[in-house]
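Going by this note's numbering, the sequence shown opens with residue 165, and the numbers climb by one from there.
One structure below.
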Amino acid sequence: MSNTILGHGLEIALFVLVERKVSAGIAQQNLSGSNQKLVATKEALMVERKVVCGLFQRAKHGVEVPEGD
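In structure tokens, the structure reads:
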């Protein structure tokens with residue numbers, strides 16, 4: 165039970181971290197005024213978010229995450 169609670173707490177903390185990183189990246193690119201850089205940064209951060217979400221799903225279902233993922 166405590167592992168589940170710990171896992172959910174970790175999941176929430178990492179999602180908050182990713183969301184802050186996405187928001188900070190978008191705000192920084194908006195200040196620079198470069199739409200091309202904004203799009204590239206947003207796409208890169210969305211890919212990063214998908215990777216984190218995928219790792220959480222694998223962890224939730226007990227799938228081991230190999231090193232380097």
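Even glycine gets a Cβ: it sits at the ideal position worked out from N, Cα and C.
CA-to-CA distance, residue j to residue i, given in whole angstroms
{"i": "Gly218", "j": "Val182", "result": "13 Å"}
{"i": "Glu175", "j": "Thr205", "result": "23 Å"}
{"i": "Ser187", "j": "Phe220", "result": "21 Å"}
{"i": "Val211", "j": "Val180", "result": "16 Å"}
{"i": "Arg222", "j": "Glu207", "result": "23 Å"}
Cβ-Cβ distance between residue i and residue j below 8 Å
{"i": "Val216", "j": "Leu178", "result": "yes"}
{"i": "Leu209", "j": "Lys185", "result": "yes"}
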